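Peer 1: Residue 35 in our numbering is what sits at position 27 of the sequence shown, and the numbering runs on without skipping anything. Note that CB positions come from ideal geometry on N, CA and C, so glycine has one too. For clarity, every value in this text was computed on a predicted model and none was experimentally measured.
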Amino acid sequence: MALPTEGKVWMNGELLDWADATIHVGSHVVHYGSGVFEGARCYRTPKGSACFRLDAHIRRLYDSARIYRMSYRLSPAEFEQAVLDTIRVNALKACYIRPIMYRGYGALGVNPLPCPVDAAILVWEWGAYLGPDALEQGVDVRVSSWWRSAPNTFPALAKSSANYANSQLIRMEAAAEGYVEGIALDSGGHISEGSGENVFLVRDGTLYTPPLTASILPGITRDSVITIARSMGYTVREEMLPREMLYIADEAFFAGTAVEVTPIRSVDKITVGSGRRGPVTAALQQRYFDIINGDAPDINRWLTYVYPEEAGLRMPEAAAGSAGAGR
Ligand SMILES: Cc1ncc(COP(=O)(O)O)c(C=O)c1O
């Protein structure tokens with residue numbers, strides 16, 4: 009998705025013009041992938057713009073940072089507020105949100121500790137990640153020849169820039185062979201995840217998804233889909249899944265902030281179920297969209313309104329500084 013050329017970028021507390029939001033080529037992150045980041049979204053709802061599960065994204069950002077021994081001078085609540093400020097200053101109604109913490113300019117060796125931990129927040133308008141038809145028609149995918157990293161190599165629970173070297177290999181291989189996306193197996197040969205999204209299967213009305221021990225990112229959409237599915241009465245099983253479950257599933261879909269809930273219509277040229285979006289996928293997709301778009305009651309308190317006055321909600325006493333403002 010193309011980046012804009014105008015707007016403001018938050019960098020270490022300052023709001024800079026888009027073109028000025030640069031770092032030195034000697035920064036540690038450029039050479040060693042020493043960054044942790046997030047991808048969240050803000051949607052238009054009938055009560056105004058709302059970020060979906062912003063607190064969960066910021067929590068995961070701080071978890072990722074902790075795994076990599078990074079500490080940043082803002083608290084998660086303050087960082088959440090900085091995200092909201094960045095959306096407001098750019099006057100965006102709906103957008104993609106990309107916060108990043110990274111090892112900056114200081115010393116250039118493998119040891120990152122002498123380098124400062126810097127942070128930035130980018131926001132920009134973003135459409136459907138896998139193309140406009142994917143949400144309805146589904147996508148054709150392959151099982152990647154690249155595995156996800158083995159346990160105790162790259163920590164899968166951290167959303168670290170370094171992990172995306174593996175994701176890029178998966179994605180490029182899929183693209184080179186005419187597939188929309190690749191699904192990686194873990195080092196034991198079980199289903200893991202797509203290059204940038206989690207995987208769900210449906211068989212006989214039960215949902216299956218790989219557990220956190222299958223080298224997956226703990227997706228916030230994954231967690232939302234599990235919560236929604238259980239609330240709708242579906243059984244959801246988080247368990248190790250053999251590759252061939254992909255071929256015999258009645259339905260399969262991806263879940264992620266970028267892809268939202270996207271049906272998978274074939275894997276390795278084997279049609280999944282009927283080759284169309286299945287009824288369980290359709291029902292979960294509909295409920296997910298109703299929640300993110302504010303058309304269903306926000307019973308889980310997943311929406312954080314960006315412009316509280318627009319939402320008709322009173323700002324809390326602590327005023328705009330409070331992380332949960334308008335939630
Ligand atoms: C590798 C990987 N798995 C899963 C996901 C889905 O996570 P989320 O639903 O939090 O966007 C992402 C997206 O961030 C990802 O990059």
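I need the straight-line Cα distance from K55 to A102, nearest angstrom please.
Peer 2: Taken atom to atom, the span from the alpha-carbon of K55 to that of A102 is near 13 angstroms.
Peer 1: According to the neighbour-count rule (16 or more other Cβ atoms, all chains shown, within 10 Å of its Cβ), is N206 buried or exposed?
Peer 2: buried
Peer 1: Is R285 near ligand 2, with its Cβ less than 7 angstroms from a heavy atom?
Peer 2: Questions concerning ligand 2 fall outside what the structure shown contains, since the ligands it does hold are ligand 1.
Peer 1: When you compare each of A73, M9, A127 and A99 to G21 by their alpha carbons, which one comes out closest?
Peer 2: A127
Peer 1: Do you know whose CA, among Y315, V33 and Y296, lies nearest A115's CA?
Peer 2: V33
Peer 1: At what residues does the alpha helix (DSSP H) containing N174 begin and finish?
Peer 2: N171 to A184
Peer 1: What are the start and end residues of the alpha helix (DSSP H) that includes M19?
Peer 2: No alpha helix (DSSP H) contains M19, which is instead part of the beta strand (DSSP E) from K16 to M19.
Peer 1: Is it the case that the CB of A263 approaches a heavy atom of ligand 1 more closely than 7 angstroms?
Peer 2: Yes, Cβ of A263 sits closer than 7 angstroms to a heavy atom of ligand 1.
Peer 1: The alpha helix (DSSP H) that contains I236, what's its start and end?
Peer 2: I228 to S239
Peer 1: By how many angstroms is the C-alpha of P271 removed from the C-alpha of A304?
Peer 2: Computed Cα separation, rounded: 22 angstroms.
Peer 1: Below 6 angstroms CB to CB, which residues in the same chain sit around G202 once its five sequence neighbours on both sides are set aside?
Peer 2: E189, I191 and F262
Peer 1: At a cut-off of 7 angstroms, would you count N206 as near ligand 1, judging by its Cβ distance to the nearest heavy atom?
Peer 2: yes
Peer 1: I'd like to confirm the pairing. Which residues does DSSP put opposite Y242 in its beta bridges?
Peer 2: Its beta-bridge partners do not exist; DSSP assigns none.
Peer 1: Should L82 be listed as close to ligand 1, given that the test is whether its C-beta is under 7 angstroms from any heavy atom?
Peer 2: no
Peer 1: Mind checking whether the beta-carbon of R96 lies closer than 7 angstroms to any heavy atom of ligand 1?
Peer 2: no
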